[in-house]
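**Student:** So the protein lines, in turn, are chains W and H. Just so we're aligned: the first sequence equals residues 0 to 104 in numbering that gives the first Met the number 0. Just so we're aligned: the second sequence equals residues 0 to 104 in numbering that gives the first Met the number 0. Every residue gets a Cβ at the ideal spot worked out from N, C-alpha and C, and that includes glycine. Source: prediction; values computed, not measured.
2 protein chains.
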Amino acid sequence: MARFGLVGKMTALPGQRDTLLALLLQAADLVADAPGCEQWIVHTEPSDPDGIWVTEVWRDEADHAASLSLTGVPEIIGRARPLIAAMGERFTLEPVGGKGLPPAS
Amino acid sequence: MARFGLVGKMTALPGQRDTLLALLLQAADLVADAPGCEQWIVHTEPSDPDGIWVTEVWRDEADHAASLSLTGVPEIIGRARPLIAAMGERFTLEPVGGKGLPPAS
């Protein structure tokens, strides 16, 4: 199985970015121990005060799919959705190597 | 200083992706020990056979800037440039938290 990477943007409703950011950091804590989660980082975007990005690396795509139904995650998604004005760019990648990637499992 | 994140795409000339990929993995090895380098991952893109992405996290923007003149890096850039058809999307981010980010330094 190939590693699975995701880079995606969401745009918060005006004034809601920091609330959304806090929810995503909670999600990051939940998925950190999920099987196959190698990276799950939340970013703000200096050029867009409403922008939030998440960059993810998973052992494979199935592990990513399973993470969406981990205990607590659907609840966070439900609380986050009303704060999101739009989903933005989304890129599916295959991480190959470099610093920050654990040895292939 | 805020952390500094970069997500960027380049498109290889047809047939040159794997050569370019190998050069970027060499660059990853060089920058891995650079001051402030927290992540430097090279990805392919399943939806684009010529696409390569690099996702980077630096302690701050100055450390990123300094990395471009590390010993060996300008040479790799010089060898990579003729293999690149176009630079694509480029997003400057501020990594905030989550799995895969070391404690703030």
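#1: The region 3 to 31 of chain H: which residues have C-beta closer than 9 Å to a C-beta of chain W, in chain order?
#2: Chain H beta carbons: is any one of them nearer than 9 Å to that of E74/W?
#3: Buried or exposed: which applies to R58/W, given that a residue is buried once 16 or more other Cβ atoms fall within 10 Å of its Cβ?
#4: Taking C-alpha atoms, which residue in E44/H, W39/H and T10/H lies nearest to T91/W?
#5: Which value, in whole angstroms, describes the spacing of the CA atoms of D17/H and E55/W?
#6: Skipping 5 residues on each side, what residues in its chain have a beta carbon closer than 6 Å to that of E60/H?
#7: If you follow the alpha helix (DSSP H) that P13/W is part of, which residue opens it and which one closes it?
#8: Quick check on M86/H: buried or exposed, where buried means 16 or more other Cβ atoms within 10 Å of its Cβ?
#9: Name, please, each residue of chain H whose Cβ falls closer than 9 Å to the Cβ of I83/W.
#10: So with CB distances below 7 Å, who are the chain H contacts of P45/W?
#11: How many Å lie between K8/W and A31/H at the Cα?
#12: For L69/H, does the three-state DSSP call read helix, strand or coil?
#13: Check the Cβ of L67/W against every Cβ in chain H and list those closer than 7 Å, keeping chain order.
**Tutor:** Concretely, from the data shown:
#1: Correct list: G4, V6, K8, L20, L23, L24, A26, A27, D28, V30 and A31.
#2: The residue labelled residue 74/W in the question sits at position 75 within the first sequence. Interface annotation, E74/W: not in contact with chain H, CB-CB separation never under 9 Å.
#3: The sequence position of residue 58/W within the first sequence is 59, counting from 1. Label assigned to R58/W: buried.
#4: Numbered from 1 along the first sequence, position 92 holds the residue referred to as residue 91/W. That would be E44/H, whose Cα lies nearest to the Cα of T91/W.
#5: For the purposes of this step, residue 17/H is taken as residue 18 along the second sequence, with counting starting at 1. For the purposes of this step, residue 55/W is taken as residue 56 along the first sequence, with counting starting at 1. Distance between D17/H and E55/W, taken at the CA atoms: about 23 Å.
#6: Here the question's residue 60/H lines up with position 61 in the second sequence. Excluding residues within five positions, the ones whose Cβ falls inside 6 Å are F3.
#7: For the purposes of this step, residue 13/W is identified with residue 14 of the first sequence, where counting begins at 1. Element bounds for P13/W: n/a, residue is neither H nor E.
#8: Taking the second sequence and counting its residues from 1, the one referred to as residue 86/H is at position 87. Counting every other CB atom within 10 Å of its CB across the protein chains shown gives M86/H a total below 16, marking it as exposed.
#9: Within the first sequence, numbered from 1, the residue matching residue 83/W stands at position 84. Ordered by position in chain H, no residue passes the 9 Å Cβ test against I83/W, which lies about 17 Å from the chain.
#10: Counting from 1 along the first sequence, the entry for residue 45/W is found at position 46. Residues of chain H whose Cβ lies closer than 7 Å to the Cβ of P45/W are, in chain order, T91 and E93.
#11: As a first step, residue 8/W must be located in the first sequence, where it is residue number 9. As a first step, residue 31/H must be located in the second sequence, where it is residue number 32. Between K8/W and A31/H, the alpha-carbon positions lie close to 26 Å from each other.
#12: Here residue 69/H corresponds to residue number 70 of the second sequence, with the count starting at 1. Judged by DSSP in its simplified three-state form, L69/H adopts coil rather than helix or strand.
#13: Sequence index remark: in the first sequence, residue 67/W carries index 68 (1-based). Chain-order list of chain H residues neighbouring L67/W: empty, with the shortest C-beta distance near 16 Å, by a criterion of under 7 Å.
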